[in-house]
Amino acid sequence: MISSRTVQYLLKRLGFGVFIVWAVTLLVFVLLQISPGSPADVLLSGGVVTEEMRQSVIEQYNLNEPWYVQYFLWLKDVAAGDLGYSFSQQRPVAGLIADRWAITFQIVGLSMLLATLLSIPTGIIAGANHGSVVDRLLTVTAIVGVSIPVFVSGVLAILIFSFHLNVLPSGGAGSGFVGRLTHIFVPSLLLGGMVGALMFRMMRAGMRDVLEKDYIETCTAMGLPRRQIILKYAAKNAIAPVLTVSGLWIGFLIVYAMVVEFVFGMGGLGRLIIHAVEAQDFPIVLAGTIITAVVFVVSNIVVDLLYTWADPRVAVGGSE
Amino acid sequence: MSRSEPVLDVDRLTTQFNVDGGPVKAVDDNSLTVHRGETLGIVGESGSGKSTLLRSIMGLIEDPGEIAAGEINYRGRDLTELSDEAFRQLRGNDISFIFQEPMSHLNPAYTVGDQITDVLAAHTELNSDERWERVYELLDLLGIPAPEDRADSYPHEFSGGMAQRVCIAMALACEPDLLLADEPTSALDVTIQAQIIDLLSDLQSEFDVAMIWVTHDMGVVAETCDTLGVMYAGNIVEYGDVDDIFDDPKHPYTEALLGSVPTHRDTSDRFETIEGAPPELQDLPSGCVFRDRCPEATDACRSHRPPYYEVGGSRDWIAKCLLHRGDPTRPATDSAPELDASADAEWPAEGSADGGIDEDPKIRGETNR
Amino acid sequence: MSQPTERERVGSKRRLQESRVLRGLFRGWRVIRSNSMATVGFLIVSALVVVAILAPVLAPHPPDAQNLQNTLAPPSAEHPFGTDNTGRDVLSRIIFGTRYALAIAIVVITLETLIGVSLGLVAGYYRGKVDESVMRLLDVLVSIPPLLLAMVIVTTFGINIWNAMIAIGIVYVPMMSRTVRSSALSIREETYVQAAEGLGYSDSRVMLKHILPNSVPPIVVLGTTDVAYALIDVATLSYLGLGIQPPTASWGAMANAAQGYILVTPWPIVFPTLAIAIAVLGFNLLGMGLREVLLYGGDHEEVVE
């Protein structure tokens, strides 16, 4: 199934992805340039500033050079893995991130898994039984799920489960496989619920659309059992648009994972970046943005691969 | 032709759509019969109800449509009384359907081989290998080159004509007794049309299948059909042997349809057309549905719905037209009631029918009083 | 002046009927009433508007009145929602908080529509290079999640209420542009547009008078649901301390302030968070109901979605 055309298509997407990441770096760099106050001040903010430090920062970041030279040199550093130095934390940014990224991505992963498990089957059922009691119930649940901000549900969950019922740990990330799992389960569930609600609605809408299509009528005319029509045929057709949008949601997921982490005090990237924003610690925010963009691009490419499975018309480079 | 048991006997079928303004009868009280090896053609303009008729037989009518009256007897079983599960077992297996648009009727996410094997899996006891063997057999039979490779192709990798062959293969997979084809060639190029028509005819003879072919193309009918039903605004207005009807159409609409087909012998500057347009099904005229466009229409036609007259001296040939008063009639039905005495009085004296263009003496001759 | 003449009365009536805006409003009302989700959503949103306007009348206490004798009190007759960490009445603050919620909604919708619709129209109408460059730009913006982009903007320009609202308004532009663009792409192929072009109408006239009015349904639907997400984002930002700061009586800021006292009493955080959820729910329901009617042409059976 991996034809040379598919490979070509993916290479194109990869190239585009690299372009996007590069553009993001440029965008953020430009923002730095246009911010009020000199870049040196921004870079230094959060820490105690002396004139010597200012000079050394100007040296280090080549702030006396024209902006395009600055950009190029900075880009070189980033490519080599040097993400700058955080003055508010007095540590290299790369190190700060290396300590924390694992937790965040575990939450993202588990959330995505839970979201899919929750939303796809229910979406199929709701879409296939449009208008029924089950459908209405599920839809209302989904709407409520989308409307509650994740920090709201997080706070409430902590209040109810940890303080009053004492069922689950209220904070921290735990250690060891089981420990980690118990700690990240509730936050991931909340996050997964939010994204799952969106996925559910799309899946349901997709099923509704697909079930009206001619090729489903053929299945009925050929006497295929209804269960097979819905689960094997309609579901696969309906999942294609869901896949397209899910790439976008990874972005949401990463950021809201950080929020959830913050609420649950879990020591991942969330707390780091949020404090960085407060302190106007630009290097950290910059680094976080770039990492997010990279993850976004990579997951979109993965999604594209999956999409060619769900809708083979695309692999050939065109649509019917 | 011997009178064997019909494969399909539709009796007074009415299919209606329940919309805001009230029920709309797309198929109004129609009957037909098909025997083994026989091809029945249903011909009519768009909106005449011919597709709905076919879909009703297949059980593909969904909300807001429903079968409101009548029986559909397949080999003695009434399909309208069948449970969903029992009907499902017949579909694709004993009764198959061929759609008009092959590309949109094949699932883009699965290979054609997958789709056909699923049909086989649903209705036969063949194991996986046997199913794939049968798929290759079928594709080969339908004239698709390199069947083993093509079975692994996706629908969008086929041309229109090839895709239709795939659909036909799927329909024939379980060796049905009855094949329903809804304008199977209308969406294809003209040259491909001819190929598919020949193909279907050959296959039909080979497997002795009963077939109903819905089309708007009289040429196709002439070539392939044994029996013909002409539909207008939900009603079958003429029904009988194809050759008989083509020679001597008994209903003005049939005559007009035949007249409008251009032939290479025509020398006039303009095409023959039928004035006007078919009526909206929500808004049918009183009396005969064709009266607004009929060159032979009379006052009686405006007030009375014609019964089915048995014409041409044959019990198998009927026309729903007052021109044939005096001929024996079929038993009264909802859409073709017995005429009462007042209709006699309104029947004009000979020679004074309004607007008649072609006073065909053969037709008029039969109504001499 | 004497009684208006028949002509004058008829004339003014006709002017009223011909007023496009009024016609649009009447139609909008019919649309909302036809779908149960939209009705409920509309009721919630209207309630918010009413509360916001009548805030000084409805609130039992001034929102900033501190009372250090009675901090973090549970709900009582005098303070139905309890008091916060400086003794201010939570209920009154929540009532005044509706003003901030609506301000956010207005700012976001305005920014998103003005910029997003313009970009989308231009891209969809001119196609070609213009379209490509706009879409590239949007693709880049889209790869940074809205909340993160807002954080970046706030980091750069400082943490205050305006930056937060404007940042969020900007991050939702790409979605709106894309929707308007695809609308414009298909509408421009319609014959009446080509007729207008043939008549020599200027580009902007065609875009504004022909394409835009017909793109209104998706714009309305998207705008409404985006308000819901924007409220969540601004509230989240404020809660994290990155947006609207306490002691401003916005719900997010209230949650932020109450977070620290969560071990002492849950009430000061529960009420603002519920208020946020309800407001978001209102806009979501309204948006979804509108989508059902405007984009799917409604259903002959009333369904939830």
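As you go down the protein sequences, you meet chains A, B and C in turn. Be aware that the first sequence starts at 1, since it is given in the working numbering, and climbs by one per residue. Be aware that the second sequence starts at 1001, since it is given in the working numbering, and climbs by one per residue. Be aware that the third sequence starts at 2001, since it is given in the working numbering, and climbs by one per residue. Even for Gly, the Cβ is constructed at its ideal location relative to N, Cα and C.
Burial state of residue i (16 or more Cβ within 10 Å)
i: VAL7 of chain A; result: exposed
i: ALA257 of chain A; result: buried
i: VAL2117 of chain C; result: buried
i: ASN1018 of chain B; result: exposed
i: THR308 of chain A; result: buried
i: THR1298 of chain B; result: buried
i: TYR1074 of chain B; result: buried
i: LEU1188 of chain B; result: buried
i: GLU51 of chain A; result: exposed
i: TRP22 of chain A; result: exposed
i: VAL259 of chain A; result: buried
i: PRO2062 of chain C; result: exposed
Whole-angstrom C-beta distance between residue j and residue i, which should lie under 8 Å
i: MET199 of chain A; j: ILE124 of chain A; result: Going by Cβ atoms, the distance from MET199 of chain A to ILE124 of chain A rounds to 11 Å, so no, they are not a contact pair.
i: GLY268 of chain A; j: ILE103 of chain A; result: 4 Å
i: VAL1190 of chain B; j: VAL1043 of chain B; result: At roughly 18 Å, the Cβ-Cβ gap does not stay under 8 Å, so VAL1190 of chain B and VAL1043 of chain B are not in contact.
i: GLN2066 of chain C; j: ILE2159 of chain C; result: No, GLN2066 of chain C and ILE2159 of chain C are not in contact; Cβ-Cβ is about 23 Å, not under 8 Å.
i: ALA1210 of chain B; j: GLU1038 of chain B; result: 6 Å
i: GLY2223 of chain C; j: ILE2106 of chain C; result: That belief does not hold up - the Cβ atoms of GLY2223 of chain C and ILE2106 of chain C are roughly 11 Å apart, past 8 Å.
i: PHE264 of chain A; j: PRO187 of chain A; result: 5 Å
i: LEU211 of chain A; j: ALA235 of chain A; result: Between ALA235 of chain A and LEU211 of chain A the Cβ distance is about 10 Å, and since that is not below 8 Å, they are no contact.
i: PRO111 of chain A; j: GLY192 of chain A; result: It should be pointed out that residue 111 of chain A corresponds to Ser in this sequence rather than to Pro. Going by Cβ atoms, the distance from SER111 of chain A to GLY192 of chain A rounds to 4 Å, so yes, they are a contact pair.
i: LEU2285 of chain C; j: GLY2041 of chain C; result: 3 Å
i: PRO1102 of chain B; j: GLY1160 of chain B; result: 6 Å
i: LEU138 of chain A; j: ALA128 of chain A; result: Actually they are not in contact, since the Cβ atoms of LEU138 of chain A and ALA128 of chain A sit about 12 Å apart, beyond 8 Å.
i: GLY2289 of chain C; j: ASN2035 of chain C; result: 4 Å
i: PRO1006 of chain B; j: SER1096 of chain B; result: With 8 Å as the limit, PRO1006 of chain B and SER1096 of chain B do not qualify as a contact, their Cβ atoms being about 17 Å apart.
i: VAL150 of chain A; j: MET194 of chain A; result: 6 Å
Proximity winner among the options, relative to residue i (alpha-carbon distances)
i: SER2306 of chain C; options: A:GLY251, A:LYS236, A:ILE274 and A:GLU261; result: With chain C covering only 2001 through 2305, there is no way to say anything about residue 2306 of chain C.
i: ALA1233 of chain B; options: B:ILE1095, B:THR1052 and B:THR1080; result: B:THR1052
i: PHE282 of chain A; options: A:ASP77, A:SER4, A:VAL21 and A:GLY84; result: A:GLY84
i: ASP1140 of chain B; options: B:LEU1008, B:HIS1156 and B:ILE1168; result: B:ILE1168
i: ARG180 of chain A; options: A:ARG201, A:LEU243, A:ILE107 and A:ALA115; result: A:ILE107
i: VAL2050 of chain C; options: C:VAL2031, C:ARG2099, C:ASN2035 and C:LEU2149; result: C:ARG2099
i: GLU1223 of chain B; options: B:VAL1242, B:ARG1075 and B:ARG1291; result: B:VAL1242
i: VAL1010 of chain B; options: B:TYR1253, B:ASP1063 and B:ARG1077; result: B:ARG1077
i: SER153 of chain A; options: C:THR2236, C:TYR2192 and C:ARG2181; result: C:THR2236
i: GLY948 of chain B; options: B:LEU1179, B:THR1215 and B:LEU1258; result: As displayed, chain B neither begins before 1001 nor continues past 1369, which places residue 948 of chain B out of reach and without an answer.
i: ALA287 of chain A; options: A:LYS12, A:PHE19, A:ALA94 and A:ILE20; result: A:ALA94
i: CYS1294 of chain B; options: B:GLN1195, B:TYR1253, B:LEU1228 and B:GLU1085; result: B:TYR1253
Beta-carbon spacing of residue i, residue j below 8 Å
i: ILE2144 of chain C; j: ALA2167 of chain C; result: no
i: LEU2091 of chain C; j: PRO2060 of chain C; result: yes
i: THR2155 of chain C; j: VAL277 of chain A; result: yes
i: ASP1108 of chain B; j: PRO1155 of chain B; result: It is Pro, not Asp, that sits at residue 1108 of chain B in the sequence shown. The answer is yes: Cβ separation under 8 Å.
i: ALA1173 of chain B; j: ILE1212 of chain B; result: no
i: THR954 of chain B; j: SER1153 of chain B; result: Not covered by the structure: residue 954 of chain B. The range shown for chain B is 1001 to 1369.
i: SER1104 of chain B; j: ASP214 of chain A; result: yes
i: ALA157 of chain A; j: LEU118 of chain A; result: no
i: ALA1332 of chain B; j: LYS1320 of chain B; result: no
i: MET207 of chain A; j: ALA238 of chain A; result: yes
i: ILE230 of chain A; j: THR220 of chain A; result: no
i: VAL155 of chain A; j: THR2273 of chain C; result: yes
i: SER1286 of chain B; j: ILE1274 of chain B; result: no
i: LEU26 of chain A; j: ILE284 of chain A; result: no
i: GLY251 of chain A; j: PHE177 of chain A; result: no
The ligand ADP heavy atom lying under 7 Å from the CB of residue i
i: TYR2261 of chain C; result: For the ligand ADP, the structure offers nothing, since it holds no ligand at all.
Short CB-CB distance (under 8 Å) between residue i and chain D
i: MET2288 of chain C; result: Going by chain labels, chain D is absent from the structure shown, which instead holds the protein chains A, B and C.
Own chain partners of residue i with C-beta closer than 7 Å, once the 5 adjacent residues on each side are dropped
i: VAL2280 of chain C; result: ALA2228, LEU2231 and ILE2232
i: VAL314 of chain A; result: TYR307 and THR308
i: PHE1158 of chain B; result: VAL1166
i: VAL2221 of chain C; result: GLY2287, LEU2290, ARG2291, LEU2294 and LEU2295
i: ARG2033 of chain C; result: THR2039
i: PHE408 of chain A; result: Any property of residue 408 of chain A remains undetermined from this structure, which presents chain A solely from 1 to 320.
Cβ shell of residue i (< 6 Å), same chain only, five flanking positions each side left out
i: MET2207 of chain C; result: LEU2121 and TYR2125
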